[in-house]
Amino acid sequence: MAESFLTEAIEPAAAARPVARGVDPVLAVESITKRFPGVVALDDVSVEFYPGEVHAVVGENGAGKSTLMKVLAGAYRPDGGTIRLDGAPVVFSHPSAAQAAGISIIYQEFNLLPERTVMENIFLGREPHRFGIVDYGRLEQDTRAVLQQLEAETLISPTALLGTLSVAQQQVVEIAKALSYDAKVLIMDEPTAALAQQEVTVLTALVRRLQARGIAIIFISHRLVEVFELAQRVTVLKDGQKVGTMPTKDLTMSKVVEMMVGRVLSDYFPERARPEDIGAVALRLRGAGNATLRDIDLELRAGEIVGVAGLQGSGRTALAQAIFGVEPFQSGAMEIQGQPELFRTPAQAIRNRFGYVTEDRKYEGLTLKQPINDNIMLTLRSLKAKLSRAFRNGTRGDQELALELAQRVDVRAPGMNREVQFLSGGNQQKVVLAKWLATDARVLIFDEPTRGIDVEAKASIHERIRELARAGAAVLMISSELPEVIGMSDRIVVMWDGAIAGELPAGAGEADIMHLATGFAESSRNEEKSV
Amino acid sequence: MTAISPPAARLSAAGRARQWLRDRNIPPVYGILIIIFIAAILLDAFFGIDDELFILNQTILTNILVRSVALGIVAVGQTFVMVGASIDLSVAYLISVTAVGASYLMAGDPNRVWWTVLVLFVIGVLVGLVNGTLITRLRINPLIATLGVGLILRGLLNATFENFAGSVPASFQTFAYGMLGPLPISVLVLFLVVLVGWFVLRRMRYGAHLYAVGGSEEVGRLSGLRTERVLTMAHVICSTTAVLTGLFVVSRLRAGAPWVGTDGLYDLESIAATVIGGTALSGGKGGVWGTLAGVLIFSILDTTFNQIGIDAYMKQVLRGAIIVLAVGFYTFRSKAEQG
Numbered sequence: 001m002a003e004s005f006l007t008e009a010i011e012p013a014a015a016a017r018p019v020a021r022g023v024d025p026v027l028a029v030e031s032i033t034k035r036f037p038g039v040v041a042l043d044d045v046s047v048e049f050y051p052g053e054v055h056a057v058v059g060e061n062g063a064g065k066s067t068l069m070k071v072l073a074g075a076y077r078p079d080g081g082t083i084r085l086d087g088a089p090v091v092f093s094h095p096s097a098a099q100a101a102g103i104s105i106i107y108q109e110f111n112l113l114p115e116r117t118v119m120e121n122i123f124l125g126r127e128p129h130r131f132g133i134v135d136y137g138r139l140e141q142d143t144r145a146v147l148q149q150l151e152a153e154t155l156i157s158p159t160a161l162l163g164t165l166s167v168a169q170q171q172v173v174e175i176a177k178a179l180s181y182d183a184k185v186l187i188m189d190e191p192t193a194a195l196a197q198q199e200v201t202v203l204t205a206l207v208r209r210l211q212a213r214g215i216a217i218i219f220i221s222h223r224l225v226e227v228f229e230l231a232q233r234v235t236v237l238k239d240g241q242k243v244g245t246m247p248t249k250d251l252t253m254s255k256v257v258e259m260m261v262g263r264v265l266s267d268y269f270p271e272r273a274r275p276e277d278i279g280a281v282a283l284r285l286r287g288a289g290n291a292t293l294r295d296i297d298l299e300l301r302a303g304e305i306v307g308v309a310g311l312q313g314s315g316r317t318a319l320a321q322a323i324f325g326v327e328p329f330q331s332g333a334m335e336i337q338g339q340p341e342l343f344r345t346p347a348q349a350i351r352n353r354f355g356y357v358t359e360d361r362k363y364e365g366l367t368l369k370q371p372i373n374d375n376i377m378l379t380l381r382s383l384k385a386k387l388s389r390a391f392r393n394g395t396r397g398d399q400e401l402a403l404e405l406a407q408r409v410d411v412r413a414p415g416m417n418r419e420v421q422f423l424s425g426g427n428q429q430k431v432v433l434a435k436w437l438a439t440d441a442r443v444l445i446f447d448e449p450t451r452g453i454d455v456e457a458k459a460s461i462h463e464r465i466r467e468l469a470r471a472g473a474a475v476l477m478i479s480s481e482l483p484e485v486i487g488m489s490d491r492i493v494v495m496w497d498g499a500i501a502g503e504l505p506a507g508a509g510e511a512d513i514m515h516l517a518t519g520f521a522e523s524s525r526n527e528e529k530s531v
Numbered sequence: 001m002t003a004i005s006p007p008a009a010r011l012s013a014a015g016r017a018r019q020w021l022r023d024r025n026i027p028p029v030y031g032i033l034i035i036i037f038i039a040a041i042l043l044d045a046f047f048g049i050d051d052e053l054f055i056l057n058q059t060i061l062t063n064i065l066v067r068s069v070a071l072g073i074v075a076v077g078q079t080f081v082m083v084g085a086s087i088d089l090s091v092a093y094l095i096s097v098t099a100v101g102a103s104y105l106m107a108g109d110p111n112r113v114w115w116t117v118l119v120l121f122v123i124g125v126l127v128g129l130v131n132g133t134l135i136t137r138l139r140i141n142p143l144i145a146t147l148g149v150g151l152i153l154r155g156l157l158n159a160t161f162e163n164f165a166g167s168v169p170a171s172f173q174t175f176a177y178g179m180l181g182p183l184p185i186s187v188l189v190l191f192l193v194v195l196v197g198w199f200v201l202r203r204m205r206y207g208a209h210l211y212a213v214g215g216s217e218e219v220g221r222l223s224g225l226r227t228e229r230v231l232t233m234a235h236v237i238c239s240t241t242a243v244l245t246g247l248f249v250v251s252r253l254r255a256g257a258p259w260v261g262t263d264g265l266y267d268l269e270s271i272a273a274t275v276i277g278g279t280a281l282s283g284g285k286g287g288v289w290g291t292l293a294g295v296l297i298f299s300i301l302d303t304t305f306n307q308i309g310i311d312a313y314m315k316q317v318l319r320g321a322i323i324v325l326a327v328g329f330y331t332f333r334s335k336a337e338q339g
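One line per chain: the protein sequences are C and S, in this order. Anchor point for the first sequence: position 487 equals 487 in this note's numbering, and the numbering is continuous, going up by one each time. Anchor point for the second sequence: position 163 equals 163 in this note's numbering, and the numbering is continuous, going up by one each time.
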C-alpha cells in the first residue's frame, strides 16, 4: 500500500531544462573531508555543480549538508580534498574571499542590518564613493539595477529601511546582495523554511530567473516537493557520505527517501513498555494550536514513551514549548489527568510536575558556571517553600538530596562543587535530568536528549529515560535521530509543518517516518483531493 | 510579485506625522526637547525667582548654548563609539589630562599655544588607539578597557599635579569667551563639530561601515570590512573630541586642575546624552543630531532649575529620572513598532 502512492511521483517540472552536456562544472568538490572532534562530518565527498543548474542537496539532519555548504562558502576549511572553481583549485581563508570569487551563500539567518537601508545593505563595504564620500545617487541607481535583474524593483525601494521589510523581501535583498558580487554560484540554505506558501512561489520564480542567467544554484531543502519542482539534479548525503547524485527526472520521491535513510539499526535500546505498564492519560491535547502549531491531537499516558520525529522547523520544539508554557497554546484544549489546564508560564508547568529537558542544554538547561548541586536544585528552589517540601517527599537537606539524585542518574564528576561547564556533554545532560527528578516530574519532555553525547553516555541516558517511564512517568521524547526515536518509543508521532502528520506504532520503519516527515504523504493527499 | 509586499496600511494623522519625521531622518528626541523647552517656560512663568522669563533673555539663551559646548563636543565622539556598539569611559580623565597639560605647557605664553595643542591632540589619538586596540585586538570588554585606561591617566596626572598648574594665555581664552557677531565662538565650534560628525556618519563610507560594525560585527566581517580598524578609528575620533572639550574647559577656567574632567561628569553625561539622543547602547543606530538634542535637554534643565531655585541634589534626582524616562520611552516605542 505504501509503495503504491509513493511510486506515482510528481512529474519533475524542472527536468524539462536538461543541462547541456559538455559544459564544464563551475564548481567542483573532490574528495572533501571535514572532521570535528569525535565526528567525521564529511567523508570523501565529491560533487560537481554546473552553471544554470539547480542542484539540490538533501539528507537527514546531521547528514553533512550544512558542513558541505560551509566548506564551499569558505566558513570551514576542509581537512582534505580540493575545491575547484572554473577548473582551478581554490582555498578560501574567509567567507568574504569566497564571496569575492563568486560564491555567495544565503543562510537561514540573514546577514543583513535591520537599521540600515536596502541599498546600504546590498553594497556594504563596496559603496560607490569619491574621496570617501558616498555617492548616494549612484548607490541608489546601482541598487535599482540589481533589483531590476531580479524583477523586484517595484517590490523593494532601495531607500527602505531593511527592518521594515517582510521576511520574503529581506530574502530578495540577500539574493540581490549575492548577485551584486557577480555570483557564479549561489548557495541557499533552506530558503523556503521561513516563507509562506505564496512567497515560496515568488522565490521559485526568482530561482528560475537566476538559473536562466547561468548561475549555478545549490539548494538545501528538507522539502522534497520543492526539490523536485526546482532542481535538475539531486545529491543525497547520509552520515557525511555521498549516497549518490542523480538527475531529478530519473528519481522518484520514494527513491530519494530510501537513499536518505537506508541504514541498519545497530544500537541497543532498553526494552519497551509492556501493555500492562501503560497507565492513565497524563496529558491530552485536543485541536491545540498557536502561531506555529495547528490542530494538535495528542495523548500521553503514564508509563509510556512517545517519540516525536520530524525535520527541523516542523514544530517539534514548538510543541514542547507550548505544552510547557514557554509559547503557550492559543487555541484548542489541554487536559492534565482529565482536568482542563493550560500552562501560561513554565513556572505553572513545574508546579504541576512537568519537566522539560531542552534542546540546548548549555543555554537553556544549565547555568554553566554554577556547581553541580546548585544546578540540580535550581527548579526545586524556584518553588515556594510549601511546594518545595511536598516535592521533596520528606524533609531532606539540599546537599543530601542533590547528592542522592546525582548518584541516581550516575553523574560522574570529581565532586558536587564542580562547575558544570567542565563536565562532558553526557554528564551535563544527566545533571539536567537530575534537576527534573528533584521536582519529581510526572510528565517529562525531552528535546534531543542525546545530542552531542558519546555512545556510552547515550545508552546510559536512554536507560534513565526508560527507568523514568517504568516508574510511571509519561515521557515525550523529541529527536532528530530516527534510530533513537524508533528504538526508544512505544509510539511515534511524526510532525510536519506545525501539525502532526501521522502516528506510527512502536518499531515503525525509517522510511515510513521520513515519508510523513518530508510532507510527501501530505502533498500526495492534497493532490488526491484536487483531482 | 505583489504577493510579498505588505498591505499599504492607512495611516492616522499621528502616523503620517511620524512618517514625515522618519522620512527626514529627524530623531524623535527633538519631540522631547520641545516638550522640555515648553515645560521649562511654564515652570519659569509660575515658579521663577524673578519676573523675567528666561526665554526672553538673550543672555540666558546664549548661556544655555555655551553650557552645552563642553559636553556637546565630547558627546559627539561618544556617539561615534556607541554607534559602533562600544563605549568610552576614559573621556573624563582625558579631558583632565588635556586641561592640565594645556595650562602647564602653555604657561601663559602665546607662542607655545600651537605646539601644545598639537601635542595634546597627538596624546588624544594615542589614547584612542590604545582603547581601540585593547577592545578590538585583545577583545577586552570596552567598559573595562576604557575604564582601565582612564584610571591610568588619572593616576599619572595625580602623581604629577596636585592643583591648578600654569595658565593659558589670554589669547587662547578667545575660544571660550570670544564672539563672532551675535554668537560665541565656542558655540560655533560645537555646531561645526556636530556638522562634521553628521557628515562623516551619514555621508562618508566610514560612517556606513561604522553603523554596520555596530549593527552586527559578523555582517560587517562577512561583507569584507576590517571591523577592527573601523572601531579603533571611532575610538580615536572620540578621544580627539575629548581633547577638544579639554581645551575648551581650560580656556574657560584659564588653568586646568586634575579634577576638572571627572567633576564635570563628562564620561557618564556624554553617554547619557547620547542615549537620550536615540543612539542605542547596543549600537548600529542613532546619530549626532540626536545627541545634540540630548545635550541641549540637559542644559535647559540646568538653566531652568537655576531659575526656579531647585537645589543641586534635587537637580541630580530630576536628571536621573529624565534619563530613565527617555530610555524607557524608546524601548516602549520600538516594542510598539515591532507590534
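Think of the CB as a built atom: it goes at the ideal place given N, C-alpha and C, for glycine as much as any other residue.
- Rounded to the nearest angstrom, the gap between the Cα atoms of glutamate 228 of chain S and threonine 136 of chain S is 5 Å.
- Residue-level contact check: lysine 285 of chain S touches chain C, since one or more beta carbons of chain C fall below 8 Å from its beta carbon.
- For glycine 132 of chain C, a Cβ of chain S is located within less than 8 Å of the residue's own Cβ.
- For glycine 502 of chain C and alanine 288 of chain C, the gap between their C-alpha atoms comes out near 16 Å.
- DSSP places valine 295 of chain S in the helix class (H, G or I) of the three-state scheme.
- Between alanine 212 of chain S and leucine 165 of chain C, the gap from beta carbon to beta carbon reaches 8 Å or more.
- Cβ contact annotation for arginine 67 of chain S (same chain, cutoff 6 Å, sequence separation greater than five): Ser299, in chain order.
- Residue state for aspartate 374 of chain C is assigned as helix, using DSSP reduced to three classes.
- In the displayed model, phenylalanine 269 of chain C falls within coil according to three-state DSSP, outside both helix and strand.
- When C-alpha distances from glutamate 151 of chain C are compared across C:Arg213, C:Leu162 and C:Glu299, the shortest belongs to C:Arg213.
- For glutamate 229 of chain C, not one C-beta of chain S is nearer than 8 Å to its own C-beta.
- Fewer than three Cβ pairs drawn from the region 189–208 of chain S and the region 124–135 of chain S lie within less than 8 Å of each other, which leaves the two stretches out of contact.
- DSSP places proline 275 of chain C in the helix class (H, G or I) of the three-state scheme.
- With fewer than 16 other Cβ atoms inside 10 Å of its own Cβ, glycine 132 of chain C counts as exposed.
- Secondary structure within the region 50–133 of chain C: the beta strand (DSSP E) runs of 3 or more consecutive residues, fully enclosed, are 54–58, 80–85, 88–90 and 103–106 (chain order).
- Per DSSP, threonine 192 of chain C lies in no beta strand (DSSP E) and is assigned neither H nor E.
- The closest CA to that of serine 96 of chain S, considering only S:Ile26, S:Thr262 and S:Thr174, is found on S:Thr262.
- Straight-line spacing of the CA atoms in glutamine 421 of chain C and valine 295 of chain S works out to 45 Å.
- In chain order, Gly132, Ile133 and Val134 make up the part of chain C whose C-beta sits under 7 Å from the C-beta of methionine 204 of chain S.
- Note on geometry: alpha-carbon atoms of arginine 112 of chain S and alanine 39 of chain S lie some 47 Å from one another.
- At a cut-off of 8 Å between C-beta atoms, glycine 215 of chain S counts as an interface residue with respect to chain C.
- Residue-level contact by beta carbon fails for glutamate 503 of chain C and chain S, as no gap is shorter than 8 Å.
- Between the region 301–313 of chain S and the region 45–54 of chain S, the count of Cβ pairs shorter than 8 Å is three or higher; the stretches touch.
- Classified as buried, lysine 242 of chain C has 16 or more neighbouring CB atoms from the shown chains inside 10 Å of its CB.
- In the structure shown, arginine 254 of chain S falls within a coil segment according to DSSP collapsed to helix, strand and coil.
- Here valine 58 of chain C is actually not in contact with valine 200 of chain C; their C-beta atoms are around 17 Å apart, not less than 8 Å.
- For aspartate 267 of chain S and glycine 197 of chain S, the gap between their C-alpha atoms comes out near 19 Å.
- Under the 8 Å criterion on CB atoms, valine 219 of chain S is classed as interfacial with respect to chain C.
- Note on the region 309–378 of chain C: whole alpha helix (DSSP H) runs with a minimum of 4 residues are 316–323 and 346–351, in chain order.
- Residues of the same chain with a CB within less than 7 Å of the CB of leucine 225 of chain S, apart from the 5 flanking positions on each side, are His209, Ala212 and Val213 in chain order.
- Of all residues in the region 79–95 of chain C, only Pro95 place a beta-carbon less than 7 Å from a beta-carbon of chain S.
- One Cα belongs to isoleucine 175 of chain C, the other to tyrosine 206 of chain S, and the distance between them is close to 25 Å.
- Contacts with chain C (Cβ-Cβ distance below 8 Å) from the region 216–248 of chain S involve Ser216, Glu218, Val219, Gly220, Arg221, Leu222, Ser223, Gly224 and Leu225, listed in chain order.
- If the five residues before and after leucine 195 of chain C are omitted, its C-beta is found closer than 6 Å to the C-beta atoms of Ala168, all from its own chain and listed in chain order.
- Closest in alpha carbon position to serine 93 of chain C, among C:Phe228, C:Leu210, C:Arg491 and C:Arg77, is C:Arg77.
- Between methionine 82 of chain S and glycine 283 of chain S the beta-carbon gap is near 6 Å, inside 8 Å, which marks them as a contact.
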